[in-house]
Structures are given as C-alpha cells and as structure tokens.
Amino acid sequence: MSLLVVGTVAFDAIETPFGKTDKIIGGAATYAGLAASYFTKNINLVSVVGDDFPQQTIDLMNTRGINTQGLQVKQGEKTFFWSGKYHNDMNTRDTLITDLNVLADFHPVVPESYKNCEFLMLGNLMPRIQMAVIDQLPVRPKLIVMDTMNFWMDIAMDDLLKTIAKVDVLTINDAEARQLSGEYSLVKAAQKILDLGPKYLVIKKGEHGALLFNKENVFFAPALPLEDVFDPTGAGDSFAGGFIGFLAQTKDISFDNMKRGIIFGSAMASFCVEKFGTERLIDLSQDEVDERVQEFVDLVQFDIALV
Ligand code: AMP
Numbered sequence: 024m025s026l027l028v029v030g031t032v033a034f035d036a037i038e039t040p041f042g043k044t045d046k047i048i049g050g051a052a053t054y055a056g057l058a059a060s061y062f063t064k065n066i067n068l069v070s071v072v073g074d075d076f077p078q079q080t081i082d083l084m085n086t087r088g089i090n091t092q093g094l095q096v097k098q099g100e101k102t103f104f105w106s107g108k109y110h111n112d113m114n115t116r117d118t119l120i121t122d123l124n125v126l127a128d129f130h131p132v133v134p135e136s137y138k139n140c141e142f143l144m145l146g147n148l149m150p151r152i153q154m155a156v157i158d159q160l161p162v163r164p165k166l167i168v169m170d171t172m173n174f175w176m177d178i179a180m181d182d183l184l185k186t187i188a189k190v191d192v193l194t195i196n197d198a199e200a201r202q203l204s205g206e207y208s209l210v211k212a213a214q215k216i217l218d219l220g221p222k223y224l225v226i227k228k229g230e231h232g233a234l235l236f237n238k239e240n241v242f243f244a245p246a247l248p249l250e251d252v253f254d255p256t257g258a259g260d261s262f263a264g265g266f267i268g269f270l271a272q273t274k275d276i277s278f279d280n281m282k283r284g285i286i287f288g289s290a291m292a293s294f295c296v297e298k299f300g301t302e303r304l305i306d307l308s309q310d311e312v313d314e315r316v317q318e319f320v321d322l323v324q325f326d327i328a329l330v
C-alpha cells in the first residue's frame with residue numbers, strides 16, 4: 024500500500040502580521056508529505072528542485088518515511104520560489120512573487136517502484152504536470168485526491184478542467200470554489216464542481232473549517248480555535264496530506280471514513296499554522312496528534328434530546 028505525493032517542493036518567503044521570513048522551505052508536496060507521514064510510512068515523492076535546495080531537507084524527508092527517488096535535482100537551476108503576504112485577518116493573502124524556475128520545464132518521471140500506488144495526492148502544481156503523473160500509472164489508483172489554486176484557474180483553466188475530470192476528490196478553498204463554478208452559494212458551487220467529474224469535493228474555509236460534499240451528502244468539520252496562528256502557509260496542503268494519509272492508513276474510502284479523514288486533515292492543518300513554515304510539522308509525537316484529534320472530537324460533541 025503506497026501513497027504517491029506530487030507537488031511543489033519550494034522556497035517560500037512569507038510575511039504575516041506576526042513576522043517575516045527570508046527563504047524558508049515550503050511547497051505543497053513538502054507540507055502534504057510531512058503531514059501524511061504521521062499516518063503512513065510508505066510515501067513516494069515526485070517533484071523537482073534546483074541545486075540550491077538543501078540536502079539536509081531531503082534527508083529529513085527520508086527519515087520521515089518519504090522516498091525521494093522521484094525528486095529530480097536540476098544542476099545549475101533554481102528551486103521554485105513563492106512569496107506571499109497575509110492580510111490582518113490571516114485568512115486572505117496576496118501572492119507577491121511566483122518564480123517557476125525549475126518548474127517551468129518540469130517533466131515528471133514516476134519511478135517504476137512507485138507505479139503500483141493505491142493512493143495518489145496531486146498537490147498544487149501545474150495541472151498538465153498533475154495529468155502527466157496520472158498518465159504514467161499503468162493501473163488507476165484506488166483514490167486520487169487533487170489540490171489546486173486560483174493561480175492555475177487564471178492561467179491554465181483548460182488543462183485544469185481536464186485534470187479535475189480524472190480525480191476522485193478535489194480540495195479547494197471557498198474563494199476558489201466560487202471562481203471555478205461562478206456560483207456564490209457554496210452548495211450550488213459544489214453541485215456544479217461535482218458535475219465536472221470528481222465524486223467528492225472538499226471546500227476549505229480557513230479558520231472556519233471545511234466542508235465535504237458528494238452528490239447526496241454534506242459534512243462539516245470546524246477548525247480548532249487556536250490561541251496563536253503565526254503562518255497559515257501550507258495549511259491546505261497539510262490538511263490534504265493528513266486526509267489522504269489517514270485514508271491510506273485505514274484503506275477505507277467510504278464517505279464515513281472520509282469524514283474521519285477530514286478531522287485528521289484539520290488536525291494537521293492546525294499544527295501547521297502554529298509556527299512559520301514546516302517547523303511544527305517536522306517532529307510531532309503520536310501523543311500530540313492523538314490529543315489534537317481528541318480536541319476536535321470534544322469541540323463538536325453534544326447531546327440533544329428531541330421531544
Ligand atoms: P497553501 O498555503 O496550502 O495554499 O500552500 C502554500 C504552499 O504552496 C507554499 O509553500 C508554496 O510554495 C506553494 N505554492 C504557492 N504558489 C504555488 C503554485 N502556483 N503552484 C504550486 N505551489 C504553489
């Protein structure tokens with residue numbers, strides 16, 4: 024049982040109301056892989072970096088059970104760089120810089136040993152690259168989860184729609200759901216997006232939690248009210264990594280188990296935002312993860328006796 028994670032491995036520079044960082048390690052696949060590593064150790068990464076990317080971080084991924092054979096290191100080239108600035112509400116941000124660098128000419132190669140994966144996480148990346156990975160798999164995985172963002176809706180909508188049509192679960196935020204569907208109501212947006220192909224849609228609402236839709240059902244999970252939120256970067260990817268990592272661990276892709284997955288994903292996202300970058304996701308203990316999930320359970324548990 025293996026999980027294949029595709030997405031950016033990046034340098035980020037982040038500004039929030041609480042501070043500013045120079046280049047730190049980021050990237051959708053980095054966050055998703057680290058979050059998933061708390062649930063399954065059989066994780067294979069497909070991505071690309073330049074020769075400026077620290078070997079130490081690749082070693083750290085390996086110690087967390089992330090196989091980096093499919094991580095291309097391009098000599099003489101630079102790693103993808105993203106810079107963003109958060110508004111005071113910490114829910115919205117402006118992208119200041121997106122330097123594709125190595126990504127501009129990236130042709131993903133899925134190593135033979137990765138090809139029998141049963142779970143595929145298509146982290147945020149150019150849709151044509153996400154599609155190229157699906158196309159290299161001889162057998163369709165049991166579950167394909169895809170994340171994307173407004174950037175690709177703006178510049179690669181045709182490729183994006185073709186890729187969305189091939190996946191089982193799409194995860195996007197509320198503004199992206201509205202942009203993709205042209206509907207303000209998230210219920211109407213969800214129905215339109217499910218008509219594009221995916222069987223499930225997760226709409227992330229930042230500090231207001233997440234919604235899971237299929238054609239018949241909807242489930243809501245809150246976000247944990249946290250005392251300190253330092254940096255929301257990577258929360259969506261950590262959510263996706265926790266979600267698919269849990270599903271891969273339990274091998275159960277029913278709607279009921281996806282509800283649990285949403286809670287585990289939300290727990291990983293809540294850790295992610297507590298420190299800058301990937302710092303908090305690097306060395307959590309199992310007890311910390313369990314306690315955090317219990318906090319979610321306690322947060323939403325109530326009894327009502329209807330007469
Ligand atoms: P999130 O906060 O979950 O949306 O993810 C933020 C991460 O996505 C950062 O670490 C960035 O390096 C990465 N990222 C930003 N823009 C893009 C993009 N256009 N494509 C892929 N990854 C991106």
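Here our numbering is used: the first residue of the sequence shown is 24, the next is one more, and so on.
Here a beta-carbon is modelled for each residue, glycine too, at the ideal position from N, C-alpha and C.
Alpha helix (DSSP H) runs contained entirely in the segment 125 to 192, provided each spans 4 or more residues: 150 to 159, 173 to 178, 180 to 187
Contact test: Ala33 Cβ vs the ligand AMP heavy atom, cutoff 8 Å: Along the sequence shown, read from residue 1 onward, the residue named residue 33 stands at position 10. For the ligand AMP, at least one heavy atom lies less than 8 Å from the Cβ of Ala33.
Cβ shell of Ser293 (< 7 Å), same chain only, five flanking positions each side left out: Within the sequence shown, residue 293 is the residue found at index 270, counting from 1. Within the same chain, Ser293 has close Cβ partners Ala246, Leu247, Leu249, Arg315.
Check whether Phe278 and Leu235 have beta carbons under 9 Å apart: Stepping through the sequence shown from its first residue, residue 278 is reached at position 255. Stepping through the sequence shown from its first residue, residue 235 is reached at position 212. Yes, they are a contact pair.
First and last residue of the uninterrupted beta strand (DSSP E) at Phe242: Mapped onto the sequence shown, residue 242 falls at position 219. From DSSP, the beta strand (DSSP E) with Phe242 extends over 241 to 244.
C-beta atoms of Ser60 and Thr31 nearer than 9 Å: Locating residue 60 in the sequence shown gives position 37, where the first residue counts as 1. Locating residue 31 in the sequence shown gives position 8, where the first residue counts as 1. Taking 9 Å as the Cβ cut-off, Ser60 and Thr31 do not qualify as a contacting pair.
Enclosing alpha helix (DSSP H) for Asn85 [first to last residue]: What you label residue 85 is simply residue 62 of the sequence shown in a count that begins at 1. Taken as a continuous stretch (DSSP letters only), the alpha helix (DSSP H) holding Asn85 covers 78 to 86.
Element boundaries [beta strand (DSSP E), containing Phe236]: Along the sequence shown, one-based indexing puts residue 236 at 213. That run of the beta strand (DSSP E) goes 233 to 236.
Stretch pair the segment 152 to 167 + the segment 180 to 193: three plus CB contacts closer than 8 Å: yes
Nearest-angstrom beta carbon gap, Ala179 and Pro150 [assumed within contact, 8 Å]: Reading the sequence shown from its first residue, position 127 is the one you call residue 150. Reading the sequence shown from its first residue, position 156 is the one you call residue 179. Rounded, the Cβ-Cβ distance is 5 Å, consistent with contact.
Other residues of its chain near Thr186: CB distance less than 6 Å, five sequence neighbours each side excluded: Here residue 186 is taken as the residue at index 163 of the sequence shown, counted from 1. Same-chain partners within the cutoff: Pro150, Gln153, Met154.
C-beta atoms of Thr44 and Phe262 nearer than 9 Å: One-based indexing of the sequence shown puts residue 44 at position 21. One-based indexing of the sequence shown puts residue 262 at position 239. No, Cβ-Cβ distance for Thr44 and Phe262 is not below 9 Å.
Validate contact between the segment 115 to 129 and the segment 86 to 93 using beta carbons, cut 8 Å, 3 pairs: Touching, no, given that fewer than three Cβ pairs across the two stretches are closer than 8 Å.
Thr86 classed as buried or exposed, judged by whether at least 16 other C-beta atoms fall within 10 angstroms: Taking the first residue of the sequence shown as position 1, residue 86 is located at position 63. Thr86 is exposed by the Cβ-count criterion.
Lys274 - containing alpha helix (DSSP H), residue span: Position 251 of the sequence shown, counted from the first residue, corresponds to residue 274. Per DSSP, Lys274 belongs to no alpha helix (DSSP H) and is neither H nor E.
Residue span of the beta strand (DSSP E) that contains Ala334, given as start and end: Because the chain in this structure spans residues 24 to 330, residue 334 falls outside the shown range and cannot be described.
Residues of its chain near Arg201, where Cβ-Cβ distance is below 7 Å and the 5 sequence neighbours each way are ignored: Working through the sequence shown from its first residue, we reach residue 201 at position 178. Within the same chain, Arg201 has close Cβ partners Tyr207, Ala212.
Same chain, Cβ closer than 8 Å to Val83, five either side skipped, listed in chain order: Here residue 83 refers to the residue found at position 60 when the sequence shown is read from its first residue. Note that residue 83 corresponds to Leu in the displayed sequence, not to Val. Same-chain partners within the cutoff: Ile305.
Residues near Lys97 by beta carbon distance below 6 Å, same chain, minus five either side: Looking up residue 97 in the sequence shown gives position 74. Closer than 6 Å at Cβ, skipping near neighbours: Gly73, Val125.
Residues that Asn111 bridges to, as DSSP identifies them: For the purposes of this step, residue 111 is taken as the residue at position 88 of the sequence shown. According to DSSP, Asn111 bridges with nothing at all.
DSSP three-state assignment for Phe253, whether helix, strand or coil: The residue given as residue 253 occupies position 230 in the sequence shown. Note: Phe253 maps to coil in three-state DSSP.
Cα-Cα separation, Leu307 to Pro221: In the sequence shown, the residue the question calls residue 307 occupies position 284. In the sequence shown, the residue the question calls residue 221 occupies position 198. Each residue's Cα considered, the two are about 32 Å apart.
Top-ranked residue by Cα proximity to Val28, from Asp35, Thr39, Ala52: Working through the sequence shown from its first residue, we reach residue 28 at position 5. Cα-wise, what sits closest to Val28 is Ala52.
Contacts around Ile81, its chain only, beta-carbon distance under 6 Å, and the 5 residues preceding and following it disregarded: As a working note, residue 81 is residue 58 in the sequence shown. Answer for Ile81: Thr91, listed in chain order.
Among Leu68, Phe62, Thr63, Glu100, the one whose alpha carbon lies nearest that of Asp75: One-based indexing of the sequence shown puts residue 75 at position 52. That would be Glu100, whose Cα lies nearest to the Cα of Asp75.
Reduced DSSP category for Phe325 - H, G, I as helix; E, B as strand; rest coil: Translated into positions along the sequence shown, residue 325 becomes position 302. In this structure, Phe325 counts as coil in the three-state DSSP scheme.
Own chain residues within Cβ distance below 6 Å of Ser204, not counting five before or after: As a first step, residue 204 is located in the sequence shown; it is residue number 181 there, counting from the start. Same-chain partners within the cutoff: Ala212, Lys215, Ile216.
Euclidean distance between Cα positions of Ala233 and Asp218: The residue you call residue 233 lines up with position 210 of the sequence shown. The residue you call residue 218 lines up with position 195 of the sequence shown. Taking the straight line joining both Cα atoms gives about 20 Å.
Cβ-heavy atom distance, Ser261 to the ligand AMP, below 8 Å: In the sequence shown, the residue the question calls residue 261 occupies position 238. Flag set: Cβ of Ser261 near the ligand AMP.
Where Lys227 falls, given that 16 or more other Cβ within 10 Å makes a residue buried: Residue 227 sits at position 204 when you count from the first residue of the sequence shown. Its Cβ being crowded by 16 or more others within 10 Å, Lys227 is buried.
Cβ neighbours of Phe129 in the same chain (closer than 7 Å, five flanking residues each side left out): Numbered from 1 along the sequence shown, position 106 holds the residue referred to as residue 129. Val71, Ile152, listed in sequence order.
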